[in-house]
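**Student:** Residue numbering for the sequence shown follows this note's numbering, starting at 5 and increasing by one per position. No residue lacks a Cβ here, since even glycine has one placed at the ideal position from N, Cα and C. Fair warning: this is a prediction, and the values are worked out from it, not measured in the lab. Dropping a structure here in structure tokens format, bear with me for questions.
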Amino acid sequence: MLNPLEVDAEEERLRALARDLPDAQRKAFFQEATEQLRDPDTYAVLNWFFLAGLHHLYLGKWIKGLCNLAVFVAGIVLMFVRSVWLGLGLILLVTVWELWALFRAQIIVQDWNNRLYRDLLKDYGMFGEA
5 MLNPLEVDAE
15 EERLRALARD
25 LPDAQRKAFF
35 QEATEQLRDP
45 DTYAVLNWFF
55 LAGLHHLYLG
65 KWIKGLCNLA
75 VFVAGIVLMF
85 VRSVWLGLGL
95 ILLVTVWELW
105 ALFRAQIIVQ
115 DWNNRLYRDL
125 LKDYGMFGEA
């Protein structure tokens, strides 16, 4: 489970490393990072309105997102074809599971952005320190 204090401290450490880059590299680093950073509000909106896993796709977690979507769609299909209760049960299961991600959107995306920073710092030769 993600610890908010640890994630905040990691973000500060990574930003400090990025600030220590030479001017040209620092500018390039932050331009590249800005293009790839994810927004917690967008993640939360995708989760809130589309409980079927689109927020996972936003972070590039394709397998998790597609599995979520498949279970959600299976629930809808089951409601109309086989058993309303089984279908509703699957949809409810996905909904309850994803509410946890909704309430933790800020920390989940902050951790994802920290991973992006680490990867970029590695590309800029700061891996030994990152």
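Hey, could you find the ends of the alpha helix (DSSP H) phenylalanine 33 is sitting in?
**Tutor:** By one-based count along the sequence shown, residue 33 stands at place 29. Segment 27-40, the alpha helix (DSSP H) holding phenylalanine 33.
**Student:** Buried or exposed for glycine 57, please, with buried defined as at least 16 other CB atoms from any protein chain shown within 10 angstroms of its CB.
**Tutor:** Within the sequence shown, residue 57 is the residue found at index 53, counting from 1. That one is buried.
**Student:** Rounded to whole angstroms, what is the Cα-Cα separation between cysteine 71 and tyrosine 121?
**Tutor:** By 1-based counting over the sequence shown, the position of residue 71 is 67. By 1-based counting over the sequence shown, the position of residue 121 is 117. For cysteine 71 and tyrosine 121, the distance between alpha carbons rounds to 27 Å.
**Student:** Quick check: the Cα distance between leucine 106 and arginine 119, rounded to an integer number of angstroms?
**Tutor:** As a working note, residue 106 is residue 102 in the sequence shown. As a working note, residue 119 is residue 115 in the sequence shown. Their backbone Cα atoms lie some 20 Å apart in a straight line.
**Student:** Out of Met130, Trp52, Asn7 and Arg23, point me to the one whose CA is closest to phenylalanine 34's CA.
**Tutor:** Counted from its first residue, the sequence shown places residue 34 at position 30. Nearest option by C-alpha distance: Arg23.
**Student:** Report the option in Val85, His60, Met83 and Ile95 whose CA atom is closest to the CA atom of valine 75.
**Tutor:** By 1-based counting over the sequence shown, the position of residue 75 is 71. Comparing Cα-Cα distances from valine 75 to each of Val85, His60, Met83 and Ile95, the minimum goes to Ile95.
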